[in-house]
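Everything below concerns the one structure shown next.
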Ligand code: CO
């Protein structure tokens, strides 16, 4: 009995040492009406679904990296000024491994399993999207997982009806959408037998990927997202490269990528019309998880990203690192590519921004004014406060929202149905209140960047990754 108590208090100590945002949430709730303060706009109708890791431990053992926590979906359904919340783990083989078998023996982003070959499990905790009339949860190691929008129940794996390989590949969890056609545009990295980037489109409602272009590459780069304009698909090849054969040696996915100091960064342009490589440009390197937006104007291509000086932050576990001077924070960086002379100019705005979001439907691939994000990423260890920012990319003006002891997550912009300007709408962000030990959904007026209202969740919501608003 004494030993049991000792063990229990030791476990409690380990949990207590961890930031609240990296503490496991095991409760799953069916639709529950949330209470709050302020106003939930009457016009806001639809569901915000967020994805992220939520179970980080089996007993006293913890996953190596934040990204390796078990996928959980959270939904906030807006209905005539009411907000109804639900949350549920995805039921995949990752759930079987962690919850049923109580094992952490799997390969993930930072997690190394005991198997000799790096074999990935579909722990789809990165993003959500609509594929062929299904809602799917995405990770970079396929396949996508279909879930039910209202119950969040897992339906099964999404099967692509085509001949592209479905295993031993990497697939981008930030697909683009064509504003006119609704088609999905995305890319995958094939590692074997010869490595290549394969860009493809999936017509609206279809599950068949049609190849746009294939770009052979010796050592593929880690590119978490890419950019799309009306004419081009843009891959920014950061010098964070993998030797595909290393994937056969086992270990975690991230451990195989190496930053090549001194190497330039390659920008690849694929013509959407000609379906082929249309240009190759070289520039001083950065590393970024997230593109913000890209567009062309008078022969210049603008590529905006939330960028880091290098890939120091790529493989490390953000819950274990101290970064008091915020050197590991991403900043707004713009590359201007002169398409005629091939000259590339890097412009750093300096403002800290991560998890950037824009008014996508109206502005993706076009000139735009506003990006929303949170103002720090670098460390999760000891993180006390993280606010939201809105940057005017032309005037460089910045407005922000923050609250003591509160850590804000990715801000998702939702336009008003009859929007009169780019920022006419709201910004939705799940915020962790570390003092109250719970989370709330914050609703900001996107134009003024001031609070309209908030609703309080029944529990803390661990640090998530990405979410989408699906209109009714
Ligand atoms: Co991302």
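Numbering (the numbering used here), first residue to last: 6 to 477.
Just so you know, even glycine gets a beta-carbon here, dropped at the ideal spot from N, CA and C.
Remember, it's a predicted structure, so these values are computed and weren't measured experimentally.
If we ignore side chains and look at the alpha-carbon of each, how far apart do residue i and residue j end up?
| i | j | result |
| --- | --- | --- |
| residue 153 | residue 411 | 31 angstroms |
| residue 288 | residue 296 | 16 angstroms |
| residue 66 | residue 210 | 42 angstroms |
| residue 133 | residue 332 | 30 angstroms |
| residue 24 | residue 324 | 8 angstroms |
| residue 438 | residue 465 | 8 angstroms |
| residue 346 | residue 310 | 22 angstroms |
| residue 230 | residue 449 | 26 angstroms |
| residue 236 | residue 371 | 11 angstroms |
| residue 9 | residue 205 | Because residue 9 sits at a pLDDT of 40, beneath the cut-off of 50, its placement in the model cannot be relied upon, and the point is left open. |
| residue 73 | residue 131 | 10 angstroms |
| residue 352 | residue 340 | 6 angstroms |
| residue 479 | residue 265 | Residue 479 falls outside the range modelled here, since the chain spans only 6 to 477, and no answer is possible. |
| residue 2 | residue 257 | With the chain represented from 6 up to 477, any question about residue 2 goes unanswered, as that position is not in the structure. |
| residue 186 | residue 442 | 44 angstroms |
| residue 172 | residue 33 | 31 angstroms |
| residue 453 | residue 282 | 42 angstroms |
| residue 386 | residue 356 | 22 angstroms |
| residue 388 | residue 409 | 11 angstroms |
| residue 147 | residue 98 | 12 angstroms |
| residue 457 | residue 83 | 14 angstroms |
| residue 222 | residue 201 | 5 angstroms |
| residue 301 | residue 259 | 33 angstroms |
| residue 305 | residue 348 | 10 angstroms |
| residue 219 | residue 307 | 24 angstroms |
| residue 108 | residue 247 | 28 angstroms |
| residue 459 | residue 40 | 8 angstroms |
| residue 384 | residue 326 | 6 angstroms |
| residue 116 | residue 320 | 10 angstroms |
| residue 402 | residue 112 | 43 angstroms |
| residue 393 | residue 407 | 6 angstroms |
| residue 363 | residue 232 | 13 angstroms |
| residue 149 | residue 314 | 32 angstroms |
So, is residue i buried or exposed, given that buried needs 16 or more other C-beta atoms within 10 angstroms?
| i | result |
| --- | --- |
| residue 225 | buried |
| residue 64 | exposed |
| residue 18 | Note that residue 18 has pLDDT 41, beneath the 50 cutoff, so the model's placement of it is unreliable and the number below is only indicative. It is exposed - the Cβ of residue 18 has fewer than 16 other Cβ atoms within 10 Å. |
| residue 195 | buried |
| residue 197 | exposed |
| residue 476 | exposed |
| residue 118 | buried |
| residue 35 | exposed |
| residue 138 | exposed |
| residue 56 | buried |
| residue 79 | buried |
| residue 127 | buried |
| residue 5 | Any question about residue 5 goes unanswered here, given that the chain covers just 6 to 477. |
| residue 164 | exposed |
| residue 93 | buried |
| residue 399 | exposed |
| residue 278 | exposed |
| residue 328 | buried |
Pop quiz: residue i and residue j are said to be a contact at Cβ under 8 angstroms. What is the actual Cβ separation, rounded to whole angstroms?
| i | j | result |
| --- | --- | --- |
| residue 434 | residue 447 | 5 angstroms |
| residue 396 | residue 337 | 6 angstroms |
| residue 292 | residue 245 | 6 angstroms |
| residue 167 | residue 214 | 5 angstroms |
| residue 342 | residue 361 | In fact, because the Cβ distance is near 19 angstroms, the residues do not count as touching under 8 angstroms. |
| residue 145 | residue 101 | At roughly 20 angstroms, the Cβ-Cβ gap does not stay under 8 angstroms, so residue 145 and residue 101 are not in contact. |
| residue 414 | residue 469 | 6 angstroms |
| residue 61 | residue 27 | 6 angstroms |
| residue 59 | residue 77 | 4 angstroms |
Is there a Cβ of chain D sitting closer than 8 angstroms to that of residue i, yes or no?
| i | result |
| --- | --- |
| residue 95 | Among the chains of the structure shown, chain D does not appear; only one protein chain is present. |
Could you name the residues that DSSP lists as bridge partners for residue i?
| i | result |
| --- | --- |
| residue 193 | 176 and 203 |
| residue 75 | 60 |
| residue 90 | 37 and 81 |
| residue 162 | 150 |
| residue 474 | 53 |
| residue 337 | 311 |
| residue 219 | 203 |
| residue 66 | 63 |
| residue 42 | 459 |
| residue 181 | 190 |
| residue 214 | 207 |
| residue 226 | 246 |
### Any heavy atom of the ligand PLP nearer than 7 angstroms to the CB - residues listed
Looking at this structure, you won't find the ligand PLP anywhere; what it does contain is the ligand CO.
### Query
If you scan the segment 262–310 from start to end, which runs of the beta strand (DSSP E) of 3 or more residues do you find wholly inside it?
DSSP runs (the beta strand (DSSP E)) wholly in the segment 262–310: 262–264, 270–276, 281–288 and 292–302.
### Task
Counting only runs of 3+ residues fully inside the segment 113–148, write out the beta strand (DSSP E) ranges in chain order.
Runs found: 132–136 and 139–143.
### Query
Residue ranges of each beta strand (DSSP E) run of no fewer than 3 residues wholly in the segment 370–414, ordered along the chain?
With a minimum length of 3 residues, the unbroken runs of beta strand (DSSP E) contained wholly in the segment 370–414 fall at 375–379, 393–397, 403–406 and 411–413.
### Message
Extract the residue ranges of the beta strand (DSSP E) inside the segment 228–267, only unbroken runs of 3 or more that lie entirely within it.
### Response
The segment 228–267 contains these whole beta strand (DSSP E) runs: 237–242, 245–247 and 262–264.
### Message
So within the segment 340–372, which uninterrupted beta strand (DSSP E) runs reach at least 3 residues, ignoring any that extend past its ends?
### Response
Correct list: 349–357 and 359–362.
### Task
Return the chain-ordered ranges of every beta strand (DSSP E) run that is complete within the segment 416–455 and spans a minimum of 3 residues.
Qualifying beta strand (DSSP E) stretches, in chain order: 417–420, 430–438 and 443–450.
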